[in-house]
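Going down the list, the protein sequences come from chains S and P.
To convert, count from 1 in the first sequence and add 35; that's our numbering.
To convert, count from 1 in the second sequence and add 9; that's our numbering.
The next block holds one structure in the form of C-alpha cells; read it before the comments.
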Amino acid sequence: MRKVRKIKDRFARYFMVGIAVFAILFLLIIGFSLFFKALPVIREKNLWTLLSSSSWKPFKGDFGFLPFILSTLYVSLIAILIALPLSVLISIFLHSYASKGVKRFFEPVVDLLSGIPPVIYGLWGTLAIVPLISEKIAPRFVDFSTGYTVLAGGIVLAVMIIPLLISIMVELFRSIPAEMTDASLALGATKWQTIKKVILRRSFSGIIAATVLALSRAFGETMAVLMVCGNIPEIPGSFFDACYPLPALIANNYGEMLSMPGYESALMFAAFLLFIIVIVFNMVSRITLKQIEKRYQFT
Amino acid sequence: MKYLEERIFKIIMITAALIVLGVLLFILGTIFYKGLPSLNFDMITKLPGGGFYLGKEGGVLNAIVGSFYIIMGSVFISLLISVPLVMFINFYLNKKSKFAELIRFSMDILFGVPSIVYGAFGFALMVYLGMKASLLGGIIAVSMLIMPVMMRSLDEVTILLSRELPDALLSLGATRYEMIKVILRQLMPGLITSILLATGRGIGDAATVLFTAGYTDNIPVSPSQPAASLPLSIFFQLGSPVEEVQNRGYASAIILTVIVLILSLASRYISSRYSKNKI
C-alpha cells in the first residue's frame, strides 16, 4: 500500500517536470518551426530585400513586406497616441481620486472592454467609426476617403488596448509605497503635486514598459484591424489611406497560400517576423516591470 | 493657483473616464441596435438552411455548437497542462526558485503571442502531421491560446493561498501528490474563475480557428471534421453582399457578446466573492 502511494507521487512529479520543461521550450518550438517554414523565402530573396522592398506581387514572386510593416507601425502608433493619455488619466483618477464605489463600478467596465472579442470590435468599427471618418472627419482634410483607413484601425485598436494599459498602470501606482506619497503630502504638497512629483515620476519607467507591452499587443491584433483598415498592399500616404497590417495579410490569404510554395513561405515569414517583434517587446517590458516590482518589495 | 491646476486636471480625468465608459456603451449600443431586429429564436435553434447565405431561413446553431465543442476541448487540454504546472511551481519548487521564475516568465511571454501566430503555427503543425482543417485542429490551436491565460490566473490565486495548509498536510504524512489533491479542492473558486476567463478569451477569438478549424454548415460528429465557430460565422455573414445575411451577422454578434459578457461578469463575481483581501 505504501509503495503504491510513493509510486503515484513519483509519477506525478515526473509528469509535472515534463510539462514544465515543455512549457519553457514551447516558445522555442514555435519560433523555430515558423523560422524553418520561412527559410525558403529568406534564402531566395535575402532578408534585407524582404524587409525593404515595397513591391508585393505574390504571383510574380515579389514579396516586399515594407507596406505591411509600415501599416502595422502606423496603426499601432495612432492607437498608442490615443490610448496612452486616456489610460494614464483614468489610472490616476482610479488610484488617487475615485471613491470606493466609483472604483467598484469602473473595474467591471475595464473587464468588459478587455473581454469583448476582436470580431465585435471590428463590427463596431465598420458600423460606427468607418462611416464617421468617411463622412465627418476625412472631408475636412482630404477630398475622398472610404473610411476604411489607418485612422479607423488606430481608433479601434486604441479602445482594445486601453484595458491592458489601465490594469497595468493601476497596479504600478499601487506598488508605490504609501510612505513616499504620505511624506510628500505631509510636506504640504497638494494631492495633484504629489501625483506629478512622486507617483508619475516614480512610475515613469513602468509606464514606458506598459506602453511597450500595449504596443506589442497592438502589433498582433488581427480581426478587428482587418475589418476596418481597407487591406490594400501599398504604403499608406496619409491617415486617410487604406493600409494592410501584417496579421491581416496572414489572415486574408490563408486559403490561397497552399497552392504556391513561395507564397506559403512568405506568409510564414510574416508570422515569424510578427512573432519575433512581439516576443522582444514583451520580454523587454516584462523584465522592466519585474524589476520595478522587486525594487519596491525591499524598500 | 495650485488648486486651480488640480481642479482642471480632475475634470480632465473624469472626462477621460466618461469617454471610456461612453465608448463601452457605444459599442454595446451599436451591436444591440443593429442586431436586435434580426434576432429571433430560429437564430439559436436552427442550422443554416439551403438558401441561408442568400437571406433565406436558418440560424447559426452550427457555429454555436462548433464554438462550444472547440472551447470544451481546449479548456480540457489546457487544464491538463496548466493545473500540474501551477501546482509544480508553487508546491514543488522553492519560493525563490529560478526555474519557477523562468516558467512564469515564459508564460507571460506566451500570453503576449498574438492569436494569429498561434493560428499560423497550428496550421503549420497540422500540415506537417497531414491533418486537414478540423475540430481537433481548432482545439489544439485554441488550447495554445488559452493555456497561458488559465495558468496565469490560477497562479495568481495559488500564490495567495496560505502556506499553513500544505505544511499541515505534509506533516501528517501525506505525499505531495495527495497534498495537491486537497489543495485543489481549496482552490476550486480560483480554478473556476480561470476557466471562465480562458473560455471568454477562447470563444471570441477568430484568428486562431480561421486556419485550423475550417468552417461548415453542419455540426461536426467527429474530431476530424471541420467545425464552425461564432466569430467566424459573424465575420463571413458580414462579408455577404445580401442585406438580410448581414443583419443576421449583427444578430449573431449579439449572441457572442452576451456569452462573453456573462462569462466576464461571472468570473468577476466568483473571484470577488471568494477572495477576502480584494477591493
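Cβ atoms here follow ideal geometry from the backbone N, Cα and C, with glycine treated the same way.
Short of 7 Å from the beta carbon of MET156 (chain P), and not among the five residues preceding or following it, lie these beta carbons of its own chain, in chain order: SER87, ILE90 and SER91. Our two residues, ILE279 (chain P) and ILE211 (chain S), have alpha carbons roughly 28 Å apart in a direct line.
In terms of CA proximity to ALA306 (chain S), P:SER124 leads the group P:ALA142, P:SER124 and P:ASP51. Taking the Cα of VAL39 (chain S) as reference, the smallest distance to any Cα among P:TYR186, P:LEU272, P:VAL158 and P:GLU110 is reached at P:TYR186. The three-state secondary structure of GLY136 (chain S), taken from DSSP, is helix. For PRO166 (chain S), the closest Cβ of chain P is not nearer than 8 Å. At least one CB of chain S lies nearer than 8 Å to the CB of TYR101 (chain P). The C-alpha of LEU45 (chain P) lies about 28 Å from the C-alpha of PRO229 (chain P).
Against chain P, the beta carbon of PHE100 (chain S) has no neighbour under 8 Å; the closest one sits roughly 15 Å away. Listed along the chain, the chain P residues whose CB falls inside 9 Å of the CB of MET195 (chain S) amount to none; the nearest CB is some 11 Å away. With a cut-off of 8 Å on Cβ pairs, the stretch 234–246 of chain P is in contact with the stretch 258–266 of chain P, counting three or more such pairs. In this structure, the beta-carbon distance from SER149 (chain S) to ILE168 (chain S) does not fall below 8 Å.
Counting of Cβ neighbours within 10 angstroms places ALA218 (chain S) among the exposed residues, the total staying below 16.
In the three-state reduction of the DSSP assignment, GLY189 (chain S) falls in the helix class.
Selection P:ILE192, P:LEU169, P:GLY199 and P:ILE80 evaluated against ARG210 (chain P) yields P:ILE80 as nearest (Cα-Cα). Within the stretch 117–137 of chain P, ASP117, ILE118, LEU119, PHE120, GLY121, VAL122, PRO123, SER124, ILE125, VAL126, TYR127, GLY128, ALA129, PHE130, PHE132, ALA133, LEU134, VAL136 and TYR137 place their CB atoms closer than 9 Å to a CB of chain S, listed in sequence order. With its beta carbon less than 8 Å from one in chain S, GLY209 (chain P) belongs to the interface. Per DSSP, the continuous alpha helix (DSSP H) segment holding ALA283 (chain S) begins and ends at 281–287.
If you draw a 10 Å sphere on the C-beta of ASN103 (chain P), you find fewer than 16 other C-beta atoms in it, and that means exposed. With 16 or more other Cβ atoms inside 10 Å of its own Cβ, GLY147 (chain P) counts as buried.
Contact between the stretch 124–141 of chain S and the stretch 196–209 of chain S is present, with at least three C-beta pairs closer than 8 Å. Taking a cut-off of 8 Å on C-beta distances, the stretch 78–93 of chain S does not touch the stretch 111–122 of chain P, as fewer than three cross pairs fall below it. Chain P has no Cβ within less than 8 Å of the Cβ of ARG236 (chain S).
Counting only runs that start and end inside the stretch 137–214 of chain P, the alpha helix (DSSP H) elements of at least 4 residues fall at 144–169, 173–180, 185–195 and 197–212.
The beta carbon of GLY31 (chain P) does not come within 8 Å of any beta carbon belonging to chain S, so the residue lies off that interface. By the Cβ test, the stretch 128–141 of chain P is not in contact with the stretch 166–180 of chain P, since fewer than three Cβ pairs between them sit closer than 8 Å.
The three-state reading of DSSP puts GLY67 (chain P) in strand, counting E and B together. Residues of chain S with a Cβ closer than 7 Å to the Cβ of GLU14 (chain P) are, in chain order, TRP227. Collapsing the DSSP output to three states places GLY121 (chain P) in a helix. With respect to chain P, the C-beta atom of ASN266 (chain S) has no partner C-beta closer than 8 Å. Residue pairing of TRP91 (chain S) in beta bridges, as defined by DSSP: S:PHE98. For GLY150 (chain S), the secondary structure class from DSSP, reduced to helix, strand or coil, is helix.
A distance below 7 Å between beta-carbons, with the five flanking residues on each side excluded, links GLY66 (chain S) to the following residues of its chain, in chain order: PHE310. For MET10 (chain P), there is no enclosing alpha helix (DSSP H), since its DSSP letter is neither H nor E. Residue environment: TRP227 (chain S) is assigned as buried (16 or more neighbouring CB atoms within 10 Å of its CB, all protein chains considered). Contact annotation: GLY160 (chain S) and ALA187 (chain S) have beta-carbon atoms nearer than 8 Å.
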